[in-house]
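Participant:
Written as structure tokens, this is what we have:
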């Protein structure tokens, strides 16, 4: 058995010391634009399911899931088996624009998950998985198909209008905002839950009206399911909640089974643009992992599980909003939730586009509270992240395989973290009317 200092046991020897100092080396080697690991100073050395073990030996519950990439959590057996099968077969690990058995299996499984209205006349196009490549490919497709250039994106303002009254969808008309003669859009781009905007679901009623209006004007509806697909929201695809069928579907993150993969699925009559997007499309390991993930979610009805556990999660989070004055709105769908932190003195720090430069983490601001909650969560062994234009929304994205027991632990640790932040802030632990005091 390896003893202390032998260099062969977990958390010992030069390797472990190097892992512990990795965050310090990152600060010296990488630009400030890379912020995620610095905000969460954990050096993972092992992971399984919802659990990550750091180089320091501590265990954490991971409710970031690679920003939603890990539908089945870390190192799920079906994913590992699929990857090993490709490695052991001697098949090429990367080919571009060549049909392989692995690619054929992935496309077959993907089409099996789509509604007949799309699957029956679909074309699947692989894209580079980096950044906005799949969205760029979808936009290029819509422009080539329509001969038009303008693409309209559904924003929070459109969703807010729908919540208050009938939304004004004249932005699909030829003369919207620009006088007579302005061209009709080439496409309408919609993200069912605007995750990076603070986890904001687009109302189903608005989605249905936009679908009908776009169809009437021959404007392709592009639905971006990069962060919402593969069961995340409680349906296999988030657009299914509203009962619509898109013309173009953008898929990434979870479809690769933890590895980089992105595709655009579209109606065959839209054709295809001539140009390709991304040299690293169609990675064989990602296709195998993705096919295994798609099948496992479908066969084990994990979208339904996400709906059930997600409902419990949102109920627990809304209880926090009822108890603590620093918790404002709670939003989400399925296993995708955002907890908005509020502070009474932050109005001057917010513009129409989010936080003013240099004020995102100023003491006393809502962004500062969100950062403090993330820090306190980490101390309690819970990993969450912060999102939204004002950086004041704590986001939870547990994997679809989360259990009832694990969900209880997540909610307990988050509640304890919020309690600590609320207690320590100026004016904290003073309940608003209708809110209970601290327990």
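Residue numbers (our numbering): 4 to 442. Beta carbons are placed, not taken as given, at the ideal position from N, Cα and C, and that holds for glycine. If you're wondering where the values come from, they're calculated on a predicted model, not measured in any experiment.
Measure the Cβ-Cβ separation of residue 129 and residue 300 and say whether it is below 7 angstroms.
Facilitator: Locating residue 129 in the chain shown gives position 126, counting from the first residue. Locating residue 300 in the chain shown gives position 297, counting from the first residue. No, these two residues do not count as a Cβ contact at 7 angstroms.
Participant: Looking at C-alpha atoms only, which residue of 319, 107, 74, 310 is the closest neighbour of residue 413?
Facilitator: As a first step, residue 413 is located in the chain shown; it is residue number 410 there, counting from the start. Minimum Cα distance to residue 413 is reached at 319.
Participant: Assuming residue 61 contacts residue 54 under a Cβ cut-off of 8 angstroms, what Cβ separation, rounded to an integer in Å, is found between them?
Facilitator: What you label residue 61 is simply residue 58 of the chain shown in a count that begins at 1. What you label residue 54 is simply residue 51 of the chain shown in a count that begins at 1. At roughly 11 angstroms, the Cβ-Cβ gap does not stay under 8 angstroms, so residue 61 and residue 54 are not in contact.
Participant: Hey, residue 383 and residue 322: beta-carbon distance below 7 angstroms or not?
Facilitator: Within the chain shown, the letter at position 380 stands for residue 383. Within the chain shown, the letter at position 319 stands for residue 322. For residue 383 and residue 322, no; Cβs fall outside 7 angstroms.
Participant: Hey, would you say residue 195 sits closer than 7 angstroms to residue 231, going by beta carbons?
Facilitator: As a working note, residue 195 is residue 192 in the chain shown. As a working note, residue 231 is residue 228 in the chain shown. Contact: yes.
Participant: Cα-Cα, which of 305, 403, 317 is closest to residue 417?
Facilitator: For the purposes of this step, residue 417 is taken as residue 414 along the chain shown, with counting starting at 1. Taking only the C-alpha atoms, the option nearest residue 417 is 317.
Participant: Taking Cβ to Cβ, would you say residue 248 is nearer than 7 angstroms to residue 121?
Facilitator: Taking the first residue of the chain shown as position 1, residue 248 is located at position 245. Taking the first residue of the chain shown as position 1, residue 121 is located at position 118. Yes.
Participant: Restricting to Cα atoms, I'd like to know which of 92, 102, 271, 114 is closest to residue 124.
Facilitator: Position 121 of the chain shown, counted from the start, is the residue given in the question as residue 124. Comparing Cα positions, the closest option is 271.
Participant: Could you round the C-beta distance between residue 254 and residue 224 to whole angstroms and report it? I think they count as a contact, below 8 angstroms.
Facilitator: By one-based count along the chain shown, residue 254 stands at place 251. By one-based count along the chain shown, residue 224 stands at place 221. Not confirmed; about 15 angstroms, so no contact.
Participant: Looking at residue 268 and residue 127, is the spacing between their C-beta atoms short of 7 angstroms?
Facilitator: Counted from its first residue, the chain shown places residue 127 at position 124. Counted from its first residue, the chain shown places residue 268 at position 265. It is a contact, given that the beta carbons lie within the stated cut-off.
Participant: Per DSSP, residue 225 forms a beta bridge with which residues?
Facilitator: Looking up residue 225 in the chain shown gives position 222. Beta-bridge pairing links residue 225 to 192, 251.
Participant: Could you tell me which of 407, 48, 304 sits nearest to residue 238, measuring between CA atoms?
Facilitator: As a first step, residue 238 is located in the chain shown; it is residue number 235 there, counting from the start. Closest option to residue 238, Cα to Cα, is 304.
Participant: With DSSP as the reference, label residue 302 as helix, strand or coil.
Facilitator: In the chain shown, the residue the question calls residue 302 occupies position 299. Of the three classes helix, strand and coil, the one that applies to residue 302 here is helix, per DSSP.
Participant: Please name the residue, chosen from 290, 246, 215, that lies closest to residue 257 on a Cα-to-Cα basis.
Facilitator: Residue numbering aside, residue 257 sits at position 254 when the chain shown is read from its first letter. Minimum Cα distance to residue 257 is reached at 290.
Participant: Run through the stretch 116-145 for me and flag every whole alpha helix (DSSP H) of 4 or more residues, listed as ranges in chain order.
Facilitator: Runs found: 119-122.
Participant: Using a Cβ-Cβ cut-off of 8 angstroms (strictly less than) and excluding sequence neighbours within five positions of residue 97, which residues of its own chain qualify?
Facilitator: Translated into positions along the chain shown, residue 97 becomes position 94. The answer, listed in chain order, is 283, 285, 286, 287.
Participant: Give the straight-line distance between the Cα atoms of residue 226 and residue 186, rounded to the nearest whole angstrom.
Facilitator: Translated into the one-based positions of the chain shown, residue 226 becomes position 223. Translated into the one-based positions of the chain shown, residue 186 becomes position 183. Taking the straight line joining both Cα atoms gives about 21 angstroms.
Participant: What's the C-alpha gap between residue 345 and residue 368?
Facilitator: For the purposes of this step, residue 345 is identified with residue 342 of the chain shown, where counting begins at 1. For the purposes of this step, residue 368 is identified with residue 365 of the chain shown, where counting begins at 1. Each residue's alpha carbon lies about 8 angstroms from the other.
Participant: Taking C-alpha atoms, which residue in 58, 141, 220, 402 lies nearest to residue 234?
Facilitator: Taking the chain shown and counting its residues from 1, the one referred to as residue 234 is at position 231. Nearest of 58, 141, 220, 402 to residue 234, Cα basis: 402.
Participant: Of the choices 59, 49, 67, whose alpha-carbon is the least far from that of residue 386?
Facilitator: Within the chain shown, numbered from 1, the residue matching residue 386 stands at position 383. That would be 67, whose Cα lies nearest to the Cα of residue 386.
Participant: Does DSSP put residue 258 in a helix, in a strand, or in coil?
Facilitator: Position 255 of the chain shown, counted from the start, is the residue given in the question as residue 258. Three-state result, residue 258: helix.
Participant: From the DSSP output, read off the bridge partner residues of residue 97.
Facilitator: Sequence index remark: in the chain shown, residue 97 carries index 94 (1-based). BP columns for residue 97 point to 286.
Participant: Look at the alpha carbon of residue 444 and the alpha carbon of residue 400, and state the distance between them as a whole number of angstroms.
Facilitator: Because the chain here runs from 4 to 442, residue 444 falls outside it and cannot be looked at.
Participant: Suppose the cutoff is 7 angstroms on Cβ atoms and the five residues either side in sequence are ignored; what does the same chain contact list for residue 189 look like?
Facilitator: Against the chain shown, residue 189 aligns to sequence position 186. 145, 146, 149, 151, 152, 153, 154, listed in sequence order.
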